[in-house]
Each structure stands twice: as C-alpha cells, then as structure tokens.
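Student: Quick one: the structure is below, questions incoming.
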Amino acid sequence: MGADELVFITVVLVRLGVPLLIPRYALPAILAALVVDAADQTIFQAYTDLNLDGYQSYDKALDVYYLTIAYLATVKNWSDPLAFKTAQFLWYYRLVGVLLFELFEARALLLVFPNTFEYFFIFYEAVRTSWDPRRLTGRQVIGAAAAIWVFIKLPQEWWIHIAQRDVTDTLKEDILGVTVATPWGEALGQNLWFVGLVVALAAVAAIAVRAALPHLPPTDWRFTLDVDAHLDRPDVPERIVRIPVVSWYVAEKVALTTMIAVIFSQIIPGNEATPLQTAIGVGAVVVASAAVSQWLAARGTTWRSTATELTGMVVVNGALTIGYLAFLRSSDRPINEAATAFFVLLFTIVITLFDRFHRQRWATWGDRSPLARRRERLRPAEPVAG
C-alpha cells in the first residue's frame, strides 16, 4: 500500500468511525465529523496525488451518514418532547431537500431546505455540557432553531450552493492574494497581518465569553462531554420490547430508509435502478424485517448490546452483499462492486442504530406516537378503591 492510499483509507476510516461516538460524546464527535468533512479534500490535495473525481459520491454519502447518526442520537438521548420534535422536523425537512436535489439537481433546493438540524443539534448538546437542556423554554427552543435557520444556515447555503464559493479558495485568492495551490504556511508567511487579525479576534471572543459567563444561569452539573453522565432515564426493568409491525416506528423506519436508499442509489456510479424501484424494494425489506423482529421478540430473542447487534448485522449483510455481487458477476450485469459494498455498510450501520435507539426510547419512555396518546386518553379510568 502506497502513502497516498494510506492517507485516503485513514481519512475514510475516521469519517466512518467518528460519527459512531456521537450518541455518547455528542458535541465533540459531531464537531470532529464536521471538521473532517470540511478538511478531507484539502488533506487529499495536500498529501496525495489521487484522482478525487470519484470521491464526490462517497463524500455525499458520508455527509448523510453522520447527520443520520446525529438524528438517531436525539432519539436515544433527548427526552424533552418539543426539542426532539423540533430536531426531528429539521432533520426530515433537510433530508427531503437532499432527496429532491439528487433527483432534480437544482441547487436552489438546498437553499430552500437548509441544514438547520446540524447546528441546532450542536446548540442543544452545547447546553447539555453544563445545564439540563430541559430547562430551555419552548420559546428558547423554537427561537434558537429560527435564529440558526435565518442568520446562519441561509447565508451559508447561499454561499456554498448558489454562489458556489469555497472558503479555502476565497481566503487564499481574495484575502491573502495567493493562488489556491500555495501551501498554507507560505500563504500565511506572506500575510502576517492576517495571523495577527486571527489572534486578535480570538482574544476578543475569549474576552466576550468570559464577560458573558457571570450572566449565565447557574449550572446543573460540572462541565462534561459525556451525554450518559447526566442522561436522566426512568428506572425501568430490562425487558424485550415488542414493537408492532403497524406502528409509527415502522412507518418512520420505512420513510427514513427509503429516502436514504434513494439518495445513495442516485450517487452510486453505474446504478441502473430507478428511484421508485429502489424505494419499493427497500420498503418491502424493511417491513419484512420488522415482522421477523416482532416474531423473534415474541420468543424472547434480543441482542445483548449495540456493538453485538451492529457486528452481527454487518456480518449478515456483508455475506448477502457478497452473494449478490457474485450473482451479478455470473450474469455479466455491470455494477460498481466497491461502491455497492461501501453503501451497504453505511446503510447497515444506520438501520442497526435506528432499531437499537428506538427500542431503547420505547422501553424507557414508551410509545409516544399520536395513536398511543389517543389510546391513553380513551382508556377508561381505574376505579377508585373505597
């Protein structure tokens, strides 16, 4: 293996592994995923001579992958109903926009459907580091989402997708007055004023934060980046959760998986399946798997841990993928085998975490679907003794 391939594999493994830390270490993990997403192509350009034309498809898939895991972390960790529903809306709103963009390739769609979810998630988890986020009022939750949407994401989406400007290129060409190919060390060495400006801005920001700290409400606990350290879950006995096939859980799973599958199918090089064929196929498999899971749960079968379930599903789906690719080879049908295996891996991780975290939420807080709440309201009251 050459040095170029080693750098490439290392970056891809980091992009695969870091998002798996989001459910436990939400804030640092999603910030790291965001930074690596922004820096990966710069790393490749600086330290390799690889042709990156085919990497764009993988880059898009990895973006969907880490944001999906962030959404599933809200399923696992966010008990405040309004905050969770807000994050859920923002996530699916963006996912619909990405799907429409892949189908119609209109960049304006990404401005209409901005990725507000990501920064809202960061805001909420930043609060959790020292405060119980359930202290946020409804006005604060909605206000934060609206402010992020209007003042941060809309300008950012316009800059990236409408103006099609790159931050690195703009800094080097328009501000530092050097070419894009100029190494950063040389570019900054020729513009020491810019280094001084950055240091001054950092100092001003630090002073502003220090001045604001005394005006913040009293903290609820010592600073921590571990979500589980103060995750308030009711003390419920361990039990196997039997989720009906006809439920909001399965409906959401079908919606999420079909949209992700169609997005992946649109960016797989050489894919010949239509979006409708992909959606129908994936939806049928999801419903069938839900029926099997219900059957296993009825017989007391369950996974011991998330890691065990994830490993088992990767092995099972990996074997199925190998068999599928072998069949296509024998039939001489064209297919990008590496891309297919890669997307199956991403899909398997997403589906496994979806199942695991929803079961945990169901077992902890119960079925909070509209149908379940309606049944609770209609359930006869218990007779009062005496």
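So that you can map any letter, position 29 of the sequence shown is 29 in my numbering, and since no number is skipped, the others follow by simple counting. Every residue gets a Cβ at the ideal spot worked out from N, C-alpha and C, and that includes glycine. Only a predicted model underlies this, so the values are computations on that prediction, with no experimental measurement involved.
1. List the whole-angstrom C-beta distance separating Phe123 from Ala144, where the pair is believed to meet the contact cut-off of C-beta under 8 Å.
2. CB Thr348 to CB Leu325, shorter than 8 Å?
3. Mapping the DSSP letters down to three states, classify Ile351 as helix, strand or coil.
4. Arg107: which of Tyr119, Trp159 and Ala73 sits nearest, CA to CA?
5. Given this structure, state the Cα-to-Cα distance separating Leu100 from Pro217, to the nearest angstrom.
6. Which value, in whole angstroms, describes the spacing of the CA atoms of Ile351 and Val285?
7. Determine the closest residue to Pro114 out of Ile148, Ala83 and Trp78, with distance taken between C-alpha atoms.
8. Ordered along the chain, which non-local residues of its own chain (more than five positions away) have a Cβ less than 7 Å from that of Phe84?
9. Shorter than 7 Å, the distance from the beta carbon of Phe101 to the closest heavy atom of the ligand GDP, or not?
10. Within a Cβ cutoff of 8 Å, which residues of the same chain sit near Ile43, ignoring the five residues on either side of it in sequence?
11. I need the straight-line Cα distance from Leu136 to Ala200, nearest angstrom please.
12. Using the C-alpha atoms, what's the distance from Leu320 back to Phe343?
13. Going by C-alpha distance, which of Glu337, Ala261 and Thr308 is nearest Ile322?
14. What do you get for Val141, buried or exposed, if any count of 16 or more other CB atoms within 10 angstroms of its CB means buried?
15. Measure the C-alpha to C-alpha separation of Lys60 and Glu173 and round it to an integer number of angstroms.
16. Apart from the five residues on each side of it in sequence, which residues of its chain come closer than 6 Å, Cβ to Cβ, to Tyr71?
17. Use the C-beta contact count for Glu238: other C-beta atoms within 10 angstroms, 16 or more gives buried, fewer gives exposed.
18. Please classify Pro237: does DSSP put it in a helix, a strand, or coil?
19. Tell me whether Arg135 sits in a helix, a strand or coil according to DSSP, three-state version.
20. If contact is defined by three or more beta carbon pairs under 8 Å, each pair taking one atom from either stretch, is the region 247–261 in contact with the region 311–318?
21. Phe423 by DSSP, collapsed to three states: which one?
22. Pop quiz: Glu102 and Gln277 are said to be a contact at Cβ under 8 Å. What is the actual Cβ separation, rounded to whole angstroms?
23. Check the C-beta distance from Phe121 over to Ile30 and give it rounded, since I have them as a contact under 8 Å.
24. Using a Cβ-Cβ cutoff of less than 8 Å, which residues in the same chain neighbour Ile69 once the five nearest sequence positions on both sides are dropped?
25. Please classify His358 as buried or exposed, where buried requires at least 16 neighbouring CB atoms within 10 angstroms.
26. Span of the alpha helix (DSSP H) holding Glu186?
27. Which two residues bound the contiguous alpha helix (DSSP H) that contains Ser57?
28. Check this for me: beta carbons of Leu213 and Thr129, under 8 Å apart or not?
29. Could you give the DSSP three-state label for Pro218: helix, strand or coil?
30. If Gly97 sits next to Leu109, beta carbons under 8 Å apart, how far is it from one beta carbon to the other, in whole angstroms?
31. The alpha helix (DSSP H) spanning Ser265 covers which residue range?
32. So, are the CB atoms of Val14 and Val36 less than 8 Å apart?
33. Could you check if Ala203 is buried or exposed, using at least 16 other CB atoms within 10 Å of its CB as the buried criterion?
34. Among Lys76, Leu62 and Tyr47, which has the Cα closest to the Cα of Thr364?
35. For the alpha helix (DSSP H) that contains Tyr93, what are its first and last residues?
36. Roughly how many angstroms lie between the CA atoms of Val246 and Trp362, to the nearest whole one?
Tutor: On the basis of the supplied data:
1. 5 Å
2. no
3. helix
4. Trp159
5. 42 Å
6. 12 Å
7. Ile148
8. Thr74 and Trp78
9. As far as ligands go, the structure on display features none, and thus does not contain the ligand GDP.
10. Val7 and Val11
11. 33 Å
12. 13 Å
13. Glu337
14. buried
15. 26 Å
16. Trp91
17. In this predicted model, Glu238 has a pLDDT of only 49, less than 50, meaning its place in the structure is not dependable; the value taken from the coordinates is given anyway. Under this definition Glu238 is an exposed residue.
18. At Pro237, the pLDDT of 49 sits below 50, so the modelled position is not reliable and the matter cannot be decided from this model.
19. helix
20. no
21. With the chain represented from 1 up to 386, any question about residue 423 goes unanswered, as that position is not in the structure.
22. 15 Å between Cβ atoms; not a contact.
23. 6 Å
24. Pro19, Leu20, Ile22, Pro23, Ile349, Val350 and Leu353
25. buried
26. Trp184 to Gly189
27. Tyr55 to Asn77
28. no
29. coil
30. 5 Å
31. Trp248 to Ile267
32. yes
33. exposed
34. Lys76
35. Pro81 to Phe104
36. 15 Å
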